[in-house]
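Chemist: Here's a structure for you.
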Amino acid sequence: MADIIDDLKYRGLFNQVTDEEGLREAMKKPMAFYCGFDPTADSLHAGNLLVIVIMMRLQKAGHHPIAVVGGGTGMIGDPSGRSSERQLNTRETVARFSERLKEQLDRFLHFSDGEATYVNNNDWLGSLSAIEFLRDVGKHFPLNYMLSKESVQKRMEAGISFTEFSYMLLQSFDYLNLYERENCRLEVGGSDQWGNITAGLELIRRKGHDDPAFGMTFPLITKSDGTKFGKSMGGAIWLDPKKTTPYEWYQFWINASDDDVVNYLKWFTFLTKDAIEALAEEVRTHPEARQAQKTLAREMTRLVHGARALEQAEDITSALFSGDVSKLTGEEIEQGFKAFPQYACPAEESIQLIDVLVNASIAPSRRQAREDISQGAIYINGVRRTDLNDALTANDRIDGRFTIIRRGKKKYTLIKFK
RNA sequence: GGAGGGAUAGCGAAGAGGCUAAACGCGACGGACUGUAAAUCCGUUCCCUUUGGGUUCGAAGGUUCGAAACCUUCUCCCUCCA
């Protein structure tokens with residue numbers, strides 16, 4: 469097995485480490501490491517996946533992952549990388565989010581069979597009294613040290629509450645706890661976590677622990693065009709199939725630009741260096757074949773949603789992008805179109821196309837519907853319709869039940885007749 | 001408390017009595033091209049079947065044949081002085 473740190477460096481996932489030589493030495497033996505996840509939503513998103521995959525890499529290299537869900541710190545809010553104060557969530561919300569994250573993380577790291585450990589820092593932070601905290605943690609941090617942190621500095625102008633200011637102490641207390649209870653020797657995180665990680669190491673040192681502990685960060689990833697990674701059509705890309713269907717997930721990755729796709733392969737897949745370099749060569753020589761994008765989409769969909777969902781996503785993709793949806797059977801449509809908006813329509817003899825578009829929310833207004841039709845944006849079962857007075861009839865129903873309407877290049881809506 | 005400046009379509013920003021459903025830029029959406037890419041080009045972007053109609057320019061009143069534009073009051077924002 470190649471050196472994990474070298475592998476991370478190759479993949480562009482290495483930002484900085486507190487003591488590289490020391491860590492390399494320590495990693496010759498299996499070690500426990502941790503990474504935190506903030507319960508700020510009811511699902512992890514594509515950006516979080518990077519962190520998960522990095523944990524999996526370390527796990528594959530023989531180390532033991534501890535995933536910490538911030539049920540306690542999530543009550544406070546991490547100021548790192550943020551320009552304004554966080555809106556606090558209720559106790560119930562944080563608890564619910566935490567539970568979701570645990571379920572999602574389990575699928576990748578496998579807590580149940582002991583391959584990884586799950587903890588919620590609410591377990592120790594929730595019952596911690598203010599007095600204890602100030603005596604046992606706060607006493608070890610000079611105010612100057614805290615004030616000089618970048619996360620705090622950046623907020624001095626815009627304002628920062630005492631609550632968020634204190635956040636770093638809570639996270640360092642996490643590390644101390646894991647160090648003492650789980651023999652955890654490494655904390656990893658995005659580069660914005662450097663301040664919090666080093667604060668943890670500081671606390672461990674000041675508590676008189678000699679056994680070395682480490683911190684390592686990876687860069688915050690960006691797209692080549694400078695826009696934020698992990699967004700599509702304004703919305704975030706989630707791991708939860710109810711929020712982002714496997715088909716949408718597959719589409720998100722296959723739409724990666726040539727400039728980004730090789731990076732994504734390095735960051736998110738477990739393909740070897742040789743395999744990645746071969747695909748990079750493909751991008752250079754045969755960009756139109758989009759081998760790299762296809763491989764990426766396949767890998768990511770299999771990883772997150774499994775082989776069966778991948779198969780479905782590929783089936784839907786080929787039907788939709790060949791434009792030949794009319795060949796699909798009723799069964800296939802029922803399976804495949806779960807990913808798309810649907811509209812139940814009364815099965816009348818004939819319905820004005822414009823009315824259908826508006827009723828099914830494909831167009832926001834009749835005026836817009838007319839415009840779409842006349843501009844050639846509307847396809848019924850794969851066939852363009854440009855007549856404003858066109859109507860849907862029984863002939864337009866596949867299997868007597870379905871009509872597939874496409875607006876623009878790839879927005880599909882399934883009309884179900886009943 | 002005093003003195004000014006501002007509020008215009010998703011956002012930014014023109015307009016200072018009729019030629020304004022409101023320039024321009026961005027965004028968004030369509031189309032062409034293409035590789036489900038990028039770039040580019042073209043079109044649309046308040047609502048309604050119309051070279052036509054309706055409802056808009058912070059809110060409410062008023063002046064006028066006619067107001068986003070003028071007056072009054074109110075609400076909110078910003079700057080300066082205390």
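Take the first sequence: its letter number 74 is residue 542 in the numbering used here, and every next letter is one higher. Here a beta-carbon is modelled for each residue, glycine too, at the ideal position from N, C-alpha and C.
Keeping to the same chain, check which residues put their C-beta closer than 7 Å to that of Gln759; ignore five residues upstream and five downstream.
Modeler: Taking the first sequence and counting its residues from 1, one reaches residue 759 at position 291. Answer for Gln759: Leu747 and Glu750, listed in chain order.
Chemist: Closer than 6 Å by C-beta to Pro809: which residues in its own chain qualify, once you throw out the five before and the five after it? Chain order, please.
Modeler: Translated into positions along the first sequence, residue 809 becomes position 341. Cβ within range, chain order: Thr881.
Chemist: Between Gly798 and the rest of its own chain, which residues show a CB-CB distance below 7 Å, the 5 nearest in sequence each way excluded?
Modeler: In the first sequence, the residue the question calls residue 798 occupies position 330. Ile866, Asp867, Arg869 and Phe870, listed in sequence order.
Chemist: Which residue marks the beginning of the alpha helix (DSSP H) containing Glu632, and which one marks its end?
Modeler: The residue you call residue 632 lines up with position 164 of the first sequence. Where Glu632 is concerned, the enclosing alpha helix (DSSP H) stretches over Phe630 to Phe633.
Chemist: Give the straight-line distance between the Cα atoms of Gly876 and Met614, rounded to the nearest whole angstrom.
Modeler: Counting from one through the first sequence, the residue named residue 876 turns up at place 408. Counting from one through the first sequence, the residue named residue 614 turns up at place 146. Going by the C-alpha atoms only, they are around 53 Å apart.
Chemist: Tell me the rounded alpha-carbon separation between Pro498 and Thr585.
Modeler: Within the first sequence, numbered from 1, the residue matching residue 498 stands at position 30. Within the first sequence, numbered from 1, the residue matching residue 585 stands at position 117. Spanning the two alpha carbons is a distance of roughly 14 Å.
Chemist: Please work out which residues of its chain come closer than 6 Å, Cβ to Cβ, to Gly542, disregarding the five sequence neighbours upstream and downstream, and give them in chain order.
Modeler: Taking the first sequence and counting its residues from 1, one reaches residue 542 at position 74. Here the set comprises Asp506, Pro507 and Val562.
Chemist: So, for Ser794: in the same chain, excluding its five sequence neighbours on each side, which residues have a beta-carbon less than 6 Å away from its beta-carbon?
Modeler: On the first sequence, residue 794 is found 326 positions in, with the first residue counted as 1. Within the same chain, Ser794 has close Cβ partners Asn849 and Gly850.
Chemist: Give a yes or no on whether the C-beta atoms belonging to Met523 and Leu577 are separated by under 8 Å.
Modeler: Mapped onto the first sequence, residue 523 falls at position 55. Mapped onto the first sequence, residue 577 falls at position 109. Yes, the Cβ-Cβ distance between Met523 and Leu577 is below 8 Å.
Chemist: For Phe720, name the three-state secondary structure that DSSP assigns.
Modeler: Numbered from 1 along the first sequence, position 252 holds the residue referred to as residue 720. Residue state, collapsed to three classes: helix.
Chemist: Where does Leu598 land, buried or exposed, given buried means 16+ other C-beta within 10 angstroms?
Modeler: As a position in the first sequence, residue 598 is number 130, starting the count at 1. Note that residue 598 corresponds to Ala in the displayed sequence, not to Leu. Exposed is the call here.
Chemist: With a Cβ-Cβ cutoff of 8 Å, do Phe682 and Leu654 count as a contact?
Modeler: Start at 1 with the first residue of the first sequence, and residue 682 comes out as number 214. Start at 1 with the first residue of the first sequence, and residue 654 comes out as number 186. Closer than 8 Å, so yes.
Chemist: Taking the Cβ atom as the reference point for each residue, do Leu778 and Arg770 lie within a distance shorter than 8 Å?
Modeler: To locate residue 778, count along the first sequence from 1; it is residue 310. To locate residue 770, count along the first sequence from 1; it is residue 302. For Leu778 and Arg770, yes; Cβs fall inside 8 Å.
Chemist: Taking the beta carbon of Leu602 as the centre, do at least 16 other beta carbons fall within 10 Å, making it buried, or is it exposed?
Modeler: In the first sequence, residue 602 corresponds to position 134, counting from 1. With fewer than 16 Cβ atoms within 10 Å of its Cβ, Leu602 is classed as exposed.
Chemist: To the nearest angstrom, how far is it from the Cα of Ala757 to the Cα of Ile722?
Modeler: On the first sequence, residue 757 is found 289 positions in, with the first residue counted as 1. On the first sequence, residue 722 is found 254 positions in, with the first residue counted as 1. So the two alpha carbons sit approximately 12 Å from each other.
Chemist: Do Val772 and Leu707 have their C-beta atoms closer together than 8 Å?
Modeler: Here the question's residue 772 lines up with position 304 in the first sequence. Here the question's residue 707 lines up with position 239 in the first sequence. Yes.
Chemist: Along the beta strand (DSSP E) that carries Thr785, what are the first and last residues, could you check?
Modeler: Taking the first sequence and counting its residues from 1, the one referred to as residue 785 is at position 317. Taken as a continuous stretch (DSSP letters only), Thr785 belongs to no beta strand (DSSP E), being part of the alpha helix (DSSP H) at Ala775 to Ser790.
Chemist: Under a three-way DSSP split, which group does Ile846 fall into?
Modeler: Looking up residue 846 in the first sequence gives position 378. Looking at Ile846 - three-state DSSP - the assignment turns out to be strand.
Chemist: Evaluate the contact criterion for the stretch 663 to 679 versus the stretch 607 to 622: three or more CB pairs, one atom per stretch, below 8 Å.
Modeler: Counting Cβ pairs under 8 Å, three or more are found: they touch.
Chemist: List in chain order: all unbroken beta strand (DSSP E) runs of 3+ residues lying wholly within the stretch 617 to 685.
Modeler: Complete beta strand (DSSP E) runs here, min 3: 652 to 658.
Chemist: For Cys503, which of Asp487, Leu491 and Leu526 has the nearest alpha-carbon?
Modeler: Within the first sequence, residue 503 is the residue found at index 35, counting from 1. Nearest option by C-alpha distance: Leu526.
Chemist: Going straight from the alpha carbon of Lys710 to that of Gly676, what length do you get?
Modeler: The count along the first sequence starts at 1 and reaches residue 710 at position 242. The count along the first sequence starts at 1 and reaches residue 676 at position 208. If you take the alpha carbons of Lys710 and Gly676, they lie about 48 Å apart.
Chemist: Could you have a look at Val824 and say whether DSSP puts it in helix, strand or coil?
Modeler: Within the first sequence, the letter at position 356 stands for residue 824. Helix at Val824.
Chemist: Give me the DSSP bridge partner(s) of Ala815.
Modeler: To locate residue 815, count along the first sequence from 1; it is residue 347. The partner list for Ala815 (beta bridge, DSSP) is empty, contrary to what the question assumes.
Chemist: Excluding the 5 residues preceding and the 5 following Phe565 in the sequence, name in chain order all residues of the same chain whose CB lies nearer than 8 Å to its CB.
Modeler: On the first sequence, residue 565 is found 97 positions in, with the first residue counted as 1. Cβ within range, chain order: Pro507, Thr508, Ala509, Asp510, Gly542 and Asn557.
Chemist: Can you tell me whether His513 is helix, strand or coil according to DSSP?
Modeler: Residue mapping note: residue 513 aligns to position 45 of the first sequence, counting from 1. In the structure shown, His513 sits in a strand (DSSP, three-state: E or B).
Chemist: Note the first and the last residue of the continuous alpha helix (DSSP H) segment covering Ala500.
Modeler: Along the first sequence, read from residue 1 onward, the residue named residue 500 stands at position 32. Note, Ala500: premise wrong, no alpha helix (DSSP H); beta strand (DSSP E) at Ala500 to Phe505.
Chemist: State the CB to CB distance for the pair Asp642 and Val485, rounded to an integer number of angstroms; the pair is presumed to be in contact (CB under 8 Å).
Modeler: Counted from its first residue, the first sequence places residue 642 at position 174. Counted from its first residue, the first sequence places residue 485 at position 17. Asp642 to Val485, Cβ: 19 Å. No contact.
Chemist: To the nearest angstrom, how far is it from the Cα of Arg766 to the Cα of Asp679?
Modeler: For the purposes of this step, residue 766 is taken as residue 298 along the first sequence, with counting starting at 1. For the purposes of this step, residue 679 is taken as residue 211 along the first sequence, with counting starting at 1. Rounded to the nearest angstrom, the two C-alpha atoms are 43 Å apart.
Chemist: Quick check on DSSP: helix, strand or coil for His608?
Modeler: Mapped onto the first sequence, residue 608 falls at position 140. Helix at His608.
Chemist: Less than 6 Å between C-beta atoms, sequence neighbours within five positions excluded: which residues of the same chain meet that for Tyr847?
Modeler: Looking up residue 847 in the first sequence gives position 379. Excluding residues within five positions, the ones whose Cβ falls inside 6 Å are Arg874.
Chemist: Am I right that Ile544 and Glu650 are in contact with their C-beta atoms under 8 Å? What's the rounded C-beta distance?
Modeler: Reading the first sequence from its first residue, position 76 is the one you call residue 544. Reading the first sequence from its first residue, position 182 is the one you call residue 650. Not really, about 22 Å apart at Cβ, beyond 8 Å.
Chemist: From this set, Gly540, Glu571, Ile883 and Ala500, which residue's C-alpha is nearest Leu646's C-alpha?
Modeler: As a first step, residue 646 must be located in the first sequence, where it is residue number 178. Checking every option, the nearest Cα to that of Leu646 belongs to Ala500.
Chemist: When burial is assigned at 16 or more other CB atoms within 10 Å of the CB, is Asp591 buried or exposed?
Modeler: Here the question's residue 591 lines up with position 123 in the first sequence. With fewer than 16 Cβ atoms within 10 Å of its Cβ, Asp591 is classed as exposed.
Chemist: Can you find the residues in the same chain that come closer than 7 Å, C-beta to C-beta, to Gly539, ignoring five residues on each side of it along the sequence?
Modeler: Here the question's residue 539 lines up with position 71 in the first sequence. Taken in chain order, the residues that qualify are Pro507, Val562, Ala563, Ser566, Asn588, Asn589 and Asn590.
Chemist: Let me know if Glu839 comes out buried or exposed under the rule of 16 or more other beta-carbons within 10 Å of its beta-carbon.
Modeler: Counting from 1 along the first sequence, the entry for residue 839 is found at position 371. Glu839 should be labelled exposed.
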